[in-house]
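One structure below.
There are 2 protein chains.
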Amino acid sequence: MPRNRQFVIDHLPKGKLGPEVFKLGDGPMPTPGEGEVLLRTRYISLDAANRAWMWGATYRAAIKAGDVMAGGALAEVVESRAPGLAPGDLVFGDTGWQDYAAVPAKHLTKLGKAEPMTHLMSVYGIAGLTAYFGLLECGQPKTGETVVVSAAAGSVGMFVGQIAKIKGCRTVGIAGGPDKCAFLTSKLGYDVAIDYKAGNTGRELRALCPDGIDVYFDNVGGDIFEACLFNMKNHGRIACCGAVSQYDAPVPHGPRGIPGLIVTKRLTLKGFVVMDYAEQNDRALADLKGWVASGKLKVYEDIIDGFENLPAALIGLLAGENIGKRMVKVV
Amino acid sequence: MPRNRQFVIDHLPKGKLGPEVFKLGDGPMPTPGEGEVLLRTRYISLDAANRAWMWGATYRAAIKAGDVMAGGALAEVVESRAPGLAPGDLVFGDTGWQDYAAVPAKHLTKLGKAEPMTHLMSVYGIAGLTAYFGLLECGQPKTGETVVVSAAAGSVGMFVGQIAKIKGCRTVGIAGGPDKCAFLTSKLGYDVAIDYKAGNTGRELRALCPDGIDVYFDNVGGDIFEACLFNMKNHGRIACCGAVSQYDAPVPHGPRGIPGLIVTKRLTLKGFVVMDYAEQNDRALADLKGWVASGKLKVYEDIIDGFENLPAALIGLLAGENIGKRMVKVV
Numbered sequence: 001m002p003r004n005r006q007f008v009i010d011h012l013p014k015g016k017l018g019p020e021v022f023k024l025g026d027g028p029m030p031t032p033g034e035g036e037v038l039l040r041t042r043y044i045s046l047d048a049a050n051r052a053w054m055w056g057a058t059y060r061a062a063i064k065a066g067d068v069m070a071g072g073a074l075a076e077v078v079e080s081r082a083p084g085l086a087p088g089d090l091v092f093g094d095t096g097w098q099d100y101a102a103v104p105a106k107h108l109t110k111l112g113k114a115e116p117m118t119h120l121m122s123v124y125g126i127a128g129l130t131a132y133f134g135l136l137e138c139g140q141p142k143t144g145e146t147v148v149v150s151a152a153a154g155s156v157g158m159f160v161g162q163i164a165k166i167k168g169c170r171t172v173g174i175a176g177g178p179d180k181c182a183f184l185t186s187k188l189g190y191d192v193a194i195d196y197k198a199g200n201t202g203r204e205l206r207a208l209c210p211d212g213i214d215v216y217f218d219n220v221g222g223d224i225f226e227a228c229l230f231n232m233k234n235h236g237r238i239a240c241c242g243a244v245s246q247y248d249a250p251v252p253h254g255p256r257g258i259p260g261l262i263v264t265k266r267l268t269l270k271g272f273v274v275m276d277y278a279e280q281n282d283r284a285l286a287d288l289k290g291w292v293a294s295g296k297l298k299v300y301e302d303i304i305d306g307f308e309n310l311p312a313a314l315i316g317l318l319a320g321e322n323i324g325k326r327m328v329k330v331v
Numbered sequence: 332m333p334r335n336r337q338f339v340i341d342h343l344p345k346g347k348l349g350p351e352v353f354k355l356g357d358g359p360m361p362t363p364g365e366g367e368v369l370l371r372t373r374y375i376s377l378d379a380a381n382r383a384w385m386w387g388a389t390y391r392a393a394i395k396a397g398d399v400m401a402g403g404a405l406a407e408v409v410e411s412r413a414p415g416l417a418p419g420d421l422v423f424g425d426t427g428w429q430d431y432a433a434v435p436a437k438h439l440t441k442l443g444k445a446e447p448m449t450h451l452m453s454v455y456g457i458a459g460l461t462a463y464f465g466l467l468e469c470g471q472p473k474t475g476e477t478v479v480v481s482a483a484a485g486s487v488g489m490f491v492g493q494i495a496k497i498k499g500c501r502t503v504g505i506a507g508g509p510d511k512c513a514f515l516t517s518k519l520g521y522d523v524a525i526d527y528k529a530g531n532t533g534r535e536l537r538a539l540c541p542d543g544i545d546v547y548f549d550n551v552g553g554d555i556f557e558a559c560l561f562n563m564k565n566h567g568r569i570a571c572c573g574a575v576s577q578y579d580a581p582v583p584h585g586p587r588g589i590p591g592l593i594v595t596k597r598l599t600l601k602g603f604v605v606m607d608y609a610e611q612n613d614r615a616l617a618d619l620k621g622w623v624a625s626g627k628l629k630v631y632e633d634i635i636d637g638f639e640n641l642p643a644a645l646i647g648l649l650a651g652e653n654i655g656k657r658m659v660k661v662v
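First to last, the protein sequences are chains Y and V.
Those letters in the first sequence? Residues 1 to 331, per the working numbering, in order.
Those letters in the second sequence? Residues 332 to 662, per the working numbering, in order.
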């Protein structure tokens, strides 16, 4: 009988997320009910949203003490009691942080094939689709416009900048530290990079975008959001994708200048969640596959080996240590 | 020779706006240059924006010490050196707070006739058009949806609620004090009113809009903006029209929960300035005139007689004392 390792929430974090929040143990082997499948997790996705879910219900239920830690994974069907799924099929779904999970088939996305398989969780997964829909649907960039991206070396930002470039925009990436900034310009094709840890992001934005920002793709909220807000061009658009700077902060703080600047600059701020665009996934995946095949869209992944490393991988992600899509290889 | 009374800015306000900011005197009679007209101001418009302009350049240049106080007015052409305008024509434009002004014709909007003439500055002026475009273009209300309006008894809010009702929406008005709230439901047809001075606006919104707010028309910013933000329905829209609660505050403060709530609730916030929609004015005016003629749209105006009352009229407007569109009758 195989083990089913699990990370269970010992208690919800009061302040910064630490490893003591997670308790490693062995759970029972789940048994799939009618309409469910038994899954073997292969790669578990690490996302800033994992932390946000601990604050309460959002577009999903809140995480509570005693729960297996929630998280999306690329998983393989081991046993099926649902039509349309057979052993060996690859799916994406919220298995939680465990080796095996029994999940209703209707909560799963059946995946095609990709080489390497991990691309199903980066460029062809939530990260790539989030970048695609957030930039193109919410940001509505036009050729020649200036697009600014925060967390630009992260799982989503990495694709946003490249897609903006494909669409003929000038791209400015914001990231923390010289290594990430070098990565932005040398590997991802950003026109210019701003190291937010090095100084005054607002002043750099003013210098680099003297005519203002047309589209800001916001992954972080907080001070960087504010710096971009004050440098938007009239009629600019802000795609609100996430607020990672706030998820692990004991006292979230909002930007100054809202809503006054929204009025005087006639800005549009649009929040989105990738699943809202699910019916357009086929079109998006066709575009993404074409760009990857032609070499226009580069994929970088940050794969950490070993189930036991999940808590450290999430804590590190919240501290901004990853470049590209972070995931933990389970098996 | 007639006098040209003027209110000149003595100094910009540091904190709350007071009468000492304005200095009444007599200026020279202006002489129109080529392409300009000499205007006699008839009714001067009082707007929260008058105060906002003192903070710095926005969609118009900042007001400075020594300037004639800026402000829009319904004015009559006395002498014309511009084609297309003749003595007796009525126009709207930024004459400033003075009896006479020489203004380039290209900065003026030539007006039709209306009875009473003051409707040209309320329902058929910036207030009515702002309500119309802000609600319909930015808010995109659908029949049966819940529309919440702040400063609902003010010059713009008064029309927003009525237009939302015409479009088949349920309307909730927020205003300060029992008199205004009674006015909202008895005269303007709001389904329900919330007195923000009486208690907890957020709790009342939760009780009155248990399924959430579809469209919030924001005239005020600050705490009321925040209360509405926390009660928006998924995919809700916020039309950002103004932030009057912040204009006269020494330390503007922003709402909590931004941008996190924008993401999780997939909200759209859209700032706008009425002049952005100028090419659609004819259609809007035709709708507004039809609704007024049929009795569906009621017009309330707050007309104060006497040029010398301008400073008190603006200070009172910022304190929320007006019901309906406030203006000062000059002559």
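Using N, Cα and C, we set each Cβ at its ideal position, and we do this for glycine too.
Cβ shell of residue i (< 6 Å), same chain only, five flanking positions each side left out
{"i": "Y/T268", "result": "R237"}
{"i": "V/F638", "result": "R336 and V661"}
{"i": "Y/I126", "result": "V274"}
{"i": "V/I350", "result": "Per the sequence shown, the amino acid found at residue 350 of chain V is Pro instead of Ile. Cβ neighbours of V/P350 beyond the five flanking positions: P642."}
{"i": "V/D398", "result": "I340"}
When the options are compared against residue i, the one with the closest alpha-carbon
{"i": "Y/D218", "options": "Y/I163, Y/A164, Y/R266 and Y/A152", "result": "Y/A152"}
{"i": "Y/G211", "options": "Y/Y43, Y/A227 and Y/K233", "result": "Before going further, note that residue 211 of chain Y is Asp rather than Gly in the sequence given. The candidate whose alpha carbon is nearest that of Y/D211 is Y/K233."}
{"i": "Y/K142", "options": "Y/P13, Y/V215 and Y/M327", "result": "Y/V215"}
{"i": "V/P344", "options": "V/A383, V/G533 and V/A574", "result": "V/A383"}
{"i": "Y/A70", "options": "Y/P83, Y/K23, Y/N50 and Y/E145", "result": "Y/N50"}
{"i": "Y/P2", "options": "Y/F92, Y/T31, Y/D99 and Y/F133", "result": "Y/D99"}
{"i": "Y/P32", "options": "Y/S155, Y/V78, Y/E279 and Y/A207", "result": "Y/V78"}
{"i": "Y/I323", "options": "Y/V263, Y/M158, Y/N309 and Y/P19", "result": "Y/M158"}
{"i": "V/Y390", "options": "V/V478, V/K627, V/E365 and V/D607", "result": "V/D607"}
{"i": "V/G651", "options": "V/T595, V/A574 and V/Q611", "result": "V/A574"}
{"i": "Y/G337", "options": "Y/G161, Y/A82, Y/A102 and Y/G189", "result": "Nothing can be reported for residue 337 of chain Y: it is not among the residues displayed for chain Y, which extend from 1 to 331."}
{"i": "Y/G25", "options": "Y/G189, Y/W97 and Y/L39", "result": "Y/W97"}
{"i": "V/V551", "options": "V/G499, V/Q577 and V/G533", "result": "V/Q577"}
Residue i, buried or exposed, once every other Cβ within 10 Å from all chains shown has been counted against 16
{"i": "Y/T398", "result": "Any property of residue 398 of chain Y remains undetermined from this structure, which presents chain Y solely from 1 to 331."}
{"i": "Y/R42", "result": "buried"}
{"i": "V/E446", "result": "exposed"}
{"i": "V/A436", "result": "buried"}
{"i": "Y/N231", "result": "buried"}
{"i": "Y/A65", "result": "exposed"}
{"i": "Y/G72", "result": "buried"}
{"i": "Y/K110", "result": "exposed"}
{"i": "V/R614", "result": "exposed"}
{"i": "Y/T278", "result": "Contrary to the premise, residue 278 of chain Y reads as Ala rather than Thr in this sequence. Burial call: exposed."}
{"i": "V/A417", "result": "exposed"}
{"i": "V/S517", "result": "exposed"}
{"i": "Y/K270", "result": "buried"}
{"i": "Y/S155", "result": "buried"}
Under the three-state DSSP convention, the category residue i falls into
{"i": "V/K437", "result": "helix"}
{"i": "V/A643", "result": "helix"}
{"i": "V/E351", "result": "helix"}
{"i": "Y/F230", "result": "coil"}
{"i": "V/C571", "result": "strand"}
{"i": "Y/H119", "result": "helix"}
{"i": "Y/D94", "result": "strand"}
{"i": "Y/F272", "result": "coil"}
{"i": "V/D542", "result": "coil"}
{"i": "V/M658", "result": "strand"}
{"i": "V/L416", "result": "coil"}
{"i": "V/A379", "result": "helix"}
{"i": "V/G588", "result": "coil"}
{"i": "Y/T171", "result": "strand"}
{"i": "Y/R40", "result": "strand"}
{"i": "Y/D10", "result": "coil"}
7 Å Cβ shell around residue i - same chain, five flanking residues per side excluded
{"i": "Y/T118", "result": "Y43, E301, I303 and M327"}
{"i": "V/V630", "result": "H450, S453, V454 and V623"}
{"i": "Y/A313", "result": "L46, I304, R326 and V328"}
{"i": "Y/D248", "result": "K16, L17, R51 and L318"}
- Message: When you compare the stretch 175-186 of chain Y with the stretch 196-206 of chain Y, are there three or more beta-carbon pairs, one atom per stretch, that lie closer than 8 Å?
- Response: yes
| task | Give the residues from the stretch 548-562 of chain V that approach chain A closer than 7 Å (Cβ to any Cβ), ordered along the chain. | result | Protein chains Y and V are contained in the structure displayed, whereas chain A is not.
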